[in-house]
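Undergrad: Residues 1 to 288, numbered by UniProt numbering, are exactly what the sequence shown covers, in order.
Every residue gets a Cβ at the ideal spot worked out from N, C-alpha and C, and that includes glycine.
Handing you a structure now.
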Amino acid sequence: MVLRSGPECTVAEALLASPSLADLGIEELHARAAAGEIVDADGQPVDLDAPSRVNVSLYLYRDLPDEVPIPFDVPVLYRDENIVVVDKPHFLSTMPRGRHVTQTALVRLRRELGSDTISPAHRLDRLTAGVLLFTLRPEVRAAYQDLFASRLARKEYRALAPVDERLTETVTVRDRIEKTAGDLRARVVDGPVNAISDVTLVEQTDRGGVYRLVPHTGRTHQLRLHMSSLGVPIVDDPLYPDVRPELAERADHGDFSSPLRLVAHALEFTDPLDGTERRFVSRRSVVS
Numbered sequence: 001m002v003l004r005s006g007p008e009c010t011v012a013e014a015l016l017a018s019p020s021l022a023d024l025g026i027e028e029l030h031a032r033a034a035a036g037e038i039v040d041a042d043g044q045p046v047d048l049d050a051p052s053r054v055n056v057s058l059y060l061y062r063d064l065p066d067e068v069p070i071p072f073d074v075p076v077l078y079r080d081e082n083i084v085v086v087d088k089p090h091f092l093s094t095m096p097r098g099r100h101v102t103q104t105a106l107v108r109l110r111r112e113l114g115s116d117t118i119s120p121a122h123r124l125d126r127l128t129a130g131v132l133l134f135t136l137r138p139e140v141r142a143a144y145q146d147l148f149a150s151r152l153a154r155k156e157y158r159a160l161a162p163v164d165e166r167l168t169e170t171v172t173v174r175d176r177i178e179k180t181a182g183d184l185r186a187r188v189v190d191g192p193v194n195a196i197s198d199v200t201l202v203e204q205t206d207r208g209g210v211y212r213l214v215p216h217t218g219r220t221h222q223l224r225l226h227m228s229s230l231g232v233p234i235v236d237d238p239l240y241p242d243v244r245p246e247l248a249e250r251a252d253h254g255d256f257s258s259p260l261r262l263v264a265h266a267l268e269f270t271d272p273l274d275g276t277e278r279r280f281v282s283r284r285s286v287v288s
């Protein structure tokens, strides 16, 4: 939820002012906060007695008996005292949002590693699998998050889509993408360019073409929309080029047989703490 009350009240008072939380009561609210069930946008526990800030997003862990378990592990690719890099499966959200609370990579890691200070340095869409980096200590969080905010981290994706041999030579898509809050899909609109992607066909299989995708910007659904605009929509995409509710709803009923064939294949960056060149590669395939 988004806080609407200003600094003249505490976080607790602002939360209880929301009609959806008013029935909790102050004691229940403090109990949930003590259990780490109320977190900020970085997944960090919230101090209910701190002054409230307007338009700050907070997340309340809820009991969701209808939350479908995601039957896939979250393998660790690398871990040191500062970061943990995982190979996120399809269908698992990066962090709590909407209907997805316990079935998220953040909650899984916090439980498995026994730490409440783990925080995502960036995010992957729920339907996208692949390399995802988390920080382990609050004092290093900003340094790694800044890598992604400033576009210093280099990302490479793989996607399965129809073969178009014209794309064996890299094509760069440049356009403007906007997504309105509440809308399922993003769209290309007129205006200054804010979305740039390189697309290259690197392999042909009996299931379609494997494409290397390199985003130079980070708009919502950018790669999915750019592939669709080139006439090679990603296999099993429930939104592009057309909305396919039957695909979107399968996972809600425990059917995970049709994942979006998009994987965050590689992540490279210069470590902001010691200058080491880092490269992490997903073990997941868009074909199998």
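At what residues does the alpha helix (DSSP H) containing S197 begin and finish?
TA: Where S197 is concerned, there is no enclosing alpha helix (DSSP H), although the beta strand (DSSP E) it sits in stretches over 195-205.
Undergrad: Assuming A121 and L133 make a contact with CB atoms under 8 Å, what is their CB distance in whole Å?
TA: Right, the Cβ-Cβ distance comes to about 5 Å (below 8 Å), so this counts as a contact.
Undergrad: What span of residues does the alpha helix (DSSP H) with E28 cover, start to end?
TA: Segment 26-34, the alpha helix (DSSP H) holding E28.
Undergrad: Ignoring anything shorter than 4 residues, give me the alpha helix (DSSP H) runs that lie fully in the UniProt domain "Pseudouridine synthase RsuA/RluA-like" (82-229), in order along the chain.
TA: List check, alpha helix (DSSP H) in window: 105-113, 138-149, 222-229.
Undergrad: Should S288 go down as buried or exposed, given a rule of 16 or more other Cβ atoms within 10 Å for buried?
TA: By the neighbour-count rule (16 or more Cβ atoms within 10 Å), S288 is not buried but exposed.
Undergrad: What do you get for E112, buried or exposed, if any count of 16 or more other CB atoms within 10 angstroms of its CB means buried?
TA: Exposed, since its Cβ has fewer than 16 Cβ neighbours within 10 Å.
Undergrad: Please name the residue or residues paired with Y78 in a DSSP beta bridge.
TA: V85.
Undergrad: Quick one: any contact between the segment 152-160 and the segment 214-222, if contact means 3 or more CB pairs under 8 Å?
TA: The segment 152-160, when compared against the segment 214-222, does touch it at the 8 Å Cβ threshold.
Undergrad: For P45, which of helix, strand or coil comes out of DSSP?
TA: Of the three classes helix, strand and coil, the one that applies to P45 here is strand, per DSSP.
Undergrad: Excluding five sequence neighbours on each side, which residues of the same chain lie with their C-beta closer than 8 Å to the C-beta of I118?
TA: Closer than 8 Å at the Cβ level, and outside the excluded window around I118, lie G43, V84, L106, L109, R110, F134, T135, L136.
Undergrad: Would you be able to state if there are at least three C-beta pairs under 8 Å between the segment 265-274 and the segment 219-227?
TA: Touching, no, given that fewer than three Cβ pairs across the two stretches are closer than 8 Å.
Undergrad: Between which two residues does the alpha helix (DSSP H) carrying R250 extend?
TA: First-last of the alpha helix (DSSP H) with R250: 245-250.
Undergrad: For my contact list, V101 and L48 are in at a C-beta cut-off of 8 Å; report their separation, rounded to the angstrom.
TA: The Cβ separation is near 19 Å, so there is no contact.
Undergrad: Pull up the distance between the alpha-carbon of F256 and that of C9, whole angstroms please.
TA: So the two alpha carbons sit approximately 45 Å from each other.
Undergrad: Please report the straight-line C-alpha distance between V131 and V86, rounded to a whole angstrom.
TA: Rounded to whole angstroms, V131 to V86 spans 6 Å at the Cα level.
Undergrad: Look at the alpha carbon of P233 and the alpha carbon of T170, and state the distance between them as a whole number of angstroms.
TA: Whole-angstrom Cα-Cα distance: 17 Å.
Undergrad: By the three-class DSSP mapping on this structure, what secondary structure does M1 have?
TA: Any reading at M1 needs caution, since the residue's pLDDT is 48, under 50, leaving its predicted position unreliable; the model's value is listed next. Three-state DSSP puts M1 in coil, outside helix and strand.
Undergrad: Specify the secondary structure class of L15 as computed by DSSP and reduced to three states.
TA: If DSSP states are grouped into helix, strand and coil, L15 belongs with the helices.
Undergrad: Between the C-alpha atoms of R244 and P238, what's the straight-line distance to the nearest angstrom?
TA: Using only the alpha carbons, I get a separation of about 5 Å.
Undergrad: Run through the DSSP bridge pairs and tell me what S288 is partnered with.
TA: None; S288 has no bridge partner.
Undergrad: Would you grab the beta carbon distance between E13 and S52 for me? Rounded to a whole angstrom, and I think it's under 8 Å.
TA: Confirmed, Cβ separation roughly 7 Å.
Undergrad: Sorted by chain position, which residues of the same chain lie with C-beta nearer than 6 Å to V140's C-beta, five sequence neighbours on each side aside?
TA: Result list for V140: N82, in chain order.
Undergrad: What separation, rounded to the nearest whole angstrom, lies between the Cα atoms of V202 and T172?
TA: Using only the alpha carbons, I get a separation of about 15 Å.
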